[in-house]
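J.:
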Amino acid sequence: MLNSKLKTIVLTVICFLSIQVFAQEQKKEMAYVKGGSYIPLYGADSIWVKVDDFLLDPYPVTNADFLKFVNENPEWKKSGIKKLFADERYLYNWEDDYSLGENTSERSPVTNVSWFAAKRFCECQGKRLPTLDEWEYAAMADEDTPDARVKESYNQKILSWYETPKTFENNIGSTFKNYWGVYDLHGLVWEWTLDFNTVLFSGESRNDTGDRDLFCGSSTIGATDLMNYAAFMRYAFRGSIKARYSIKNLGFRCARDSENL
Amino acid sequence: MKKIIYFALGIMFLVSSCKQSADRATEEIAQKSSEGISEMSVYNLPSTWTNQNNEDIQLKDLKGDVLVMVMIYTSCKAACPRLVADMRNIEEKLPNDIKDEVKMIFVSIDPETDTPERLKAFAKENFMDEDPYIFLRSSIENTREFAAVLAVNYKQITPMDFSHSNIISVFNRQGELVFQQEGLGVNSDNTIKSIKETVSKK
Chain R
995 MLNSKLKTIV
1005 LTVICFLSIQ
1015 VFAQEQKKEM
1025 AYVKGGSYIP
1035 LYGADSIWVK
1045 VDDFLLDPYP
1055 VTNADFLKFV
1065 NENPEWKKSG
1075 IKKLFADERY
1085 LYNWEDDYSL
1095 GENTSERSPV
1105 TNVSWFAAKR
1115 FCECQGKRLP
1125 TLDEWEYAAM
1135 ADEDTPDARV
1145 KESYNQKILS
1155 WYETPKTFEN
1165 NIGSTFKNYW
1175 GVYDLHGLVW
1185 EWTLDFNTVL
1195 FSGESRNDTG
1205 DRDLFCGSST
1215 IGATDLMNYA
1225 AFMRYAFRGS
1235 IKARYSIKNL
1245 GFRCARDSEN
1255 L
Chain C
250 MKKIIYFALG
260 IMFLVSSCKQ
270 SADRATEEIA
280 QKSSEGISEM
290 SVYNLPSTWT
300 NQNNEDIQLK
310 DLKGDVLVMV
320 MIYTSCKAAC
330 PRLVADMRNI
340 EEKLPNDIKD
350 EVKMIFVSID
360 PETDTPERLK
370 AFAKENFMDE
380 DPYIFLRSSI
390 ENTREFAAVL
400 AVNYKQITPM
410 DFSHSNIISV
420 FNRQGELVFQ
430 QEGLGVNSDN
440 TIKSIKETVS
450 KK
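As given, the protein sequences belong to chains R and C, one line each in that order.
Counting from 995, one number per residue, gives the positions in the first sequence under the working numbering.
Counting from 250, one number per residue, gives the positions in the second sequence under the working numbering.
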């Protein structure tokens, strides 16, 4: 009897420790981004936005990561997903439900995934998608400055990536490590954010402010600076997609609150 | 001692809960398929919503009726009164013999402010605290997912204001999106036509 109690205690301790280690591991793996305020590109609506400290995956989620997720959650496999949650191009580049095939690298970022699938993946890791502001905030950094948006060379680099074809086939980690220790925010794939659908581009939305002009007409000119051109392209892209779209150069990574450790 | 064991079990449960909920979700989906919910149905969203009478409902409780939905927030000064007017106009123009097969639903994009009490007050103010009007709110997370399904984009500008796209959506009896009207104060003829056609399909 005593023996069995002892066993239980030992098991309990082991279990507890392993969970601690697991949490520590995750903490170690994620990059810590110190919060602050920044002015995103909002056209005429530009205001300071406060971003709290948060943790961000250093790399986008890979095909191998996503394959593991699909194995554990078969309702998200290629042939099993509900049409409400992904269009017909979901995991288009995978050979099969459970195999990537020869042309898809395990270490390249998973793409052709819908917002619903990306969101669910992160939830299953005890994480979440980064908010649009968190993503933009982390992505302002170059190798050695938290906000490199004023550097011409930095914007040039981003824009030249936008012109490079098929970067989504490259492996993760193939671009630079930024100030926060995060790779591939630029130069590999575009990424889903939790609240991508907070971007308003339609003419109707402008009725709210009494400004009847379309975003494209009124706000590019008013955009704070040309340096925001790259960011403008990202916002325009986000404004044009829907949550069930699966797109070949659109992947994701996960984040979490810094206090939820 | 017992406490420690419970604690350990609790933690183990937390760690595995994603997997378990996934299994449950699979079961739920399997069950739903047998109830005849199609893949594109909004009833695949498992979220719980609260109406203006503080009653919890699942979206799928609305199955069987044709739904006309719009996302609003009650503290809104500019677009929402016009959306409310648009919804009223649509309802008034429906032929009497189909009125009881159509539900007009307002979904809050500001669930923190729009408590059930607040929704109730808003409904009364607008003389809409009765069939076929329903006011719903849920968690921020569920609201985000629902907006994603409707492709309604919204953004909180200040703690008081949201800007949002003005879309009125029509769902058929199976919960599939069949029509969307975009814009404020636009001609509702096509929406009404769509509702009539949708009602006629059993």
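We put the CB at the ideal spot given by N, CA and C, even for glycine.
Shorter than 9 Å from the beta carbon of A372/C to some beta carbon of chain R?
T.: Taking the second sequence and counting its residues from 1, the one referred to as residue 372/C is at position 123. No, A372/C lies away from the interface with chain R (no Cβ there is under 9 Å from its Cβ).
J.: Comparing alpha-carbon positions, which option in E1082/R, Y1131/R and L1126/R lies nearest S1031/R?
T.: As a first step, residue 1031/R must be located in the first sequence, where it is residue number 37. Residue nearest to S1031/R within the set E1082/R, Y1131/R and L1126/R is Y1131/R (criterion: CA-CA distance).
J.: Kindly indicate if chain R contains any beta-carbon less than 9 Å away from that of S240/C.
T.: In the structure as shown, chain C starts at 250 and stops at 451, and residue 240/C therefore has no counterpart that could be examined.
J.: Work out the CA separation of W1088/R and E1069/R for me, nearest whole Å.
T.: Sequence index remark: in the first sequence, residue 1069/R carries index 75 (1-based). Sequence index remark: in the first sequence, residue 1088/R carries index 94 (1-based). Going by the C-alpha atoms only, they are around 16 Å apart.
J.: Please state the DSSP three-state secondary structure of E425/C.
T.: Along the second sequence, one-based indexing puts residue 425/C at 176. It is a strand residue.
J.: Taking the DSSP output, what are the residues bridged to E1185/R?
T.: Walking along the first sequence from the start, residue 1185/R turns up at place 191. In DSSP, E1185/R forms a bridge with G1245/R.
J.: Quick one: residues in its chain with C-beta nearer than 6 Å to the C-beta of M289/C, no 5 flanking neighbours on either side, listed in chain order?
T.: Within the second sequence, residue 289/C is the residue found at index 40, counting from 1. Only E425 meet the Cβ criterion.
J.: Can V1027/R and E1185/R be called in contact, C-beta distance under 9 Å?
T.: Position 33 of the first sequence holds residue 1027/R. Position 191 of the first sequence holds residue 1185/R. No, Cβ-Cβ distance for V1027/R and E1185/R is not below 9 Å.
J.: Looking at the secondary structure, which residues open and close the alpha helix (DSSP H) in which S449/C lies?
T.: By 1-based counting over the second sequence, the position of residue 449/C is 200. First-last of the alpha helix (DSSP H) with S449/C: D438 to S449.
J.: Please name the residue or residues paired with Q430/C in a DSSP beta bridge.
T.: Working through the second sequence from its first residue, we reach residue 430/C at position 181. Paired residues: I417/C.
J.: Determine which residues share a DSSP beta bridge with F355/C and list them.
T.: Locating residue 355/C in the second sequence gives position 106, counting from the first residue. The secondary-structure analysis by DSSP pairs F355/C across a beta bridge with V319/C and F384/C.
J.: Indicate whether at least one CB of chain C lies closer than 9 Å to the CB of K1077/R.
T.: For the purposes of this step, residue 1077/R is identified with residue 83 of the first sequence, where counting begins at 1. With its beta carbon less than 9 Å from one in chain C, K1077/R belongs to the interface.
J.: Hey, out of I1152/R, F1190/R, I1033/R and V1176/R, whose CA is closest to D1051/R's CA?
T.: Counted from its first residue, the first sequence places residue 1051/R at position 57. The shortest C-alpha separation from D1051/R is found at V1176/R.
J.: If we define contact as Cβ-Cβ less than 9 Å, is S387/C a contact residue for chain R?
T.: Mapped onto the second sequence, residue 387/C falls at position 138. So no, S387/C is outside the interface.
J.: Answer with yes or no whether the minimum CB distance from F1110/R to chain C is below 9 Å.
T.: Here the question's residue 1110/R lines up with position 116 in the first sequence. Yes, because at least one Cβ of chain C sits closer than 9 Å to the Cβ of F1110/R.
J.: According to the neighbour-count rule (16 or more other Cβ atoms, all chains shown, within 10 Å of its Cβ), is E394/C buried or exposed?
T.: As a working mapping, residue 394/C is identified with position 145 in the second sequence. Its Cβ being crowded by 16 or more others within 10 Å, E394/C is buried.
J.: Give me the Cα-Cα distance between L1126/R and N421/C, rounded to the nearest whole angstrom.
T.: The residue labelled residue 1126/R in the question sits at position 132 within the first sequence. The residue labelled residue 421/C in the question sits at position 172 within the second sequence. When rounded, the distance between both Cα atoms is 33 Å.
J.: Using the beta-carbon of each residue, which ones in chain R are nearer than 9 Å to M289/C?
T.: Taking the second sequence and counting its residues from 1, one reaches residue 289/C at position 40. Residues of chain R passing the Cβ test: K1076, K1077 and L1078.
J.: What is the DSSP secondary structure of Q1150/R, reduced to helix, strand or coil?
T.: Taking the first residue of the first sequence as 1, we reach residue 1150/R at position 156. In the three-state reduction of the DSSP assignment, Q1150/R falls in the helix class, which pools H, G and I.
J.: Could you pull the DSSP bridge partners for R1250/R from this structure?
T.: Along the first sequence, one-based indexing puts residue 1250/R at 256. Answer is L1049/R.
J.: Looking at L385/C and T299/C, is the spacing between their C-beta atoms short of 9 Å?
T.: Taking the second sequence and counting its residues from 1, the one referred to as residue 299/C is at position 50. Taking the second sequence and counting its residues from 1, the one referred to as residue 385/C is at position 136. For T299/C and L385/C, yes; Cβs fall inside 9 Å.
J.: Find the residues of chain R that neighbour R422/C, judging by a C-beta separation of less than 9 Å, and give them in chain order.
T.: By 1-based counting over the second sequence, the position of residue 422/C is 173. Going along chain R, no residue has its Cβ under 9 Å from R422/C, so there is no contact; the nearest lies around 16 Å.
J.: Note down the Cα distance separating G313/C from F1231/R, rounded to an integer number of angstroms.
T.: Within the second sequence, the letter at position 64 stands for residue 313/C. Within the first sequence, the letter at position 237 stands for residue 1231/R. Using only the alpha carbons, I get a separation of about 37 Å.
J.: Rank P365/C, D335/C and L368/C by C-alpha distance to the C-alpha of I416/C and give the top, closest one.
T.: Translated into positions along the second sequence, residue 416/C becomes position 167. Nearest of P365/C, D335/C and L368/C to I416/C, Cα basis: D335/C.
J.: Buried or exposed, going by whether 16 or more other CB atoms sit within 10 Å of the CB of Q430/C?
T.: Taking the first residue of the second sequence as 1, we reach residue 430/C at position 181. Q430/C comes out buried.
J.: Could you check whether R1101/R and T1056/R sit closer than 9 Å to each other, using their CB atoms as the reference points?
T.: In the first sequence, the residue the question calls residue 1056/R occupies position 62. In the first sequence, the residue the question calls residue 1101/R occupies position 107. Cβ distance < 9 Å, so T1056/R and R1101/R count as in contact.
J.: When you compare the CB positions of L316/C and K352/C, do they come within less than 9 Å of one another, or not?
T.: The residue labelled residue 316/C in the question sits at position 67 within the second sequence. The residue labelled residue 352/C in the question sits at position 103 within the second sequence. Yes; because the gap between Cβ atoms is below 9 Å, this pair is in contact.
J.: Check whether the Cβ atoms of I354/C and I444/C lie closer than 9 Å to each other.
T.: Looking up residue 354/C in the second sequence gives position 105. Looking up residue 444/C in the second sequence gives position 195. It is not a contact, given that the beta carbons lie outside the stated cut-off.
J.: Just to make sure I have the definition right: I need the residues of chain R whose C-beta is within less than 7 Å of the C-beta of N293/C. Which are they?
T.: As a position in the second sequence, residue 293/C is number 44, starting the count at 1. The contacting residues are K1076 and L1078.
J.: Quick one: is T392/C buried, meaning 16 or more other Cβ sit within 10 Å of its Cβ, or exposed?
T.: As a working note, residue 392/C is residue 143 in the second sequence. Buried: at least 16 other Cβ atoms inside 10 Å.
J.: Once the 5 residues before and after W1073/R are set aside, which same chain residues still bring their CB inside 7 Å of it?
T.: As a first step, residue 1073/R must be located in the first sequence, where it is residue number 79. Going by the sequence as given, residue 1073/R is Ser instead of Trp. Same-chain partners within the cutoff: D1091.
J.: Compare the C-alpha of K1242/R against each of H1180/R, L1078/R, G1181/R and L1085/R and name the closest.
T.: Residue 1242/R sits at position 248 when you count from the first residue of the first sequence. Checked all of H1180/R, L1078/R, G1181/R and L1085/R; the closest Cα to K1242/R is L1085/R.
J.: Which chain R residues sit within Cβ distance under 9 Å of A334/C?
T.: Here residue 334/C corresponds to residue number 85 of the second sequence, with the count starting at 1. Going along chain R, no residue has its Cβ under 9 Å from A334/C, so there is no contact; the nearest lies around 14 Å.
J.: Using CA coordinates, which residue listed in G1181/R, P1124/R and Y1156/R is at the minimum distance from D1251/R?
T.: Within the first sequence, numbered from 1, the residue matching residue 1251/R stands at position 257. Out of G1181/R, P1124/R and Y1156/R, P1124/R has the C-alpha closest to the C-alpha of D1251/R.
J.: Under 9 Å, Cβ to Cβ, is there at least one residue of chain R near V356/C?
T.: Position 107 of the second sequence, counted from the first residue, corresponds to residue 356/C. False, the Cβ-Cβ gap to chain R never drops below 9 Å.
J.: Throw me the rounded Cβ distance for the G1029/R and F1048/R pair, which I believe falls under 8 Å.
T.: Numbered from 1 along the first sequence, position 35 holds the residue referred to as residue 1029/R. Numbered from 1 along the first sequence, position 54 holds the residue referred to as residue 1048/R. The C-beta distance from G1029/R to F1048/R rounds to 7 Å, short enough to fall under 8 Å.
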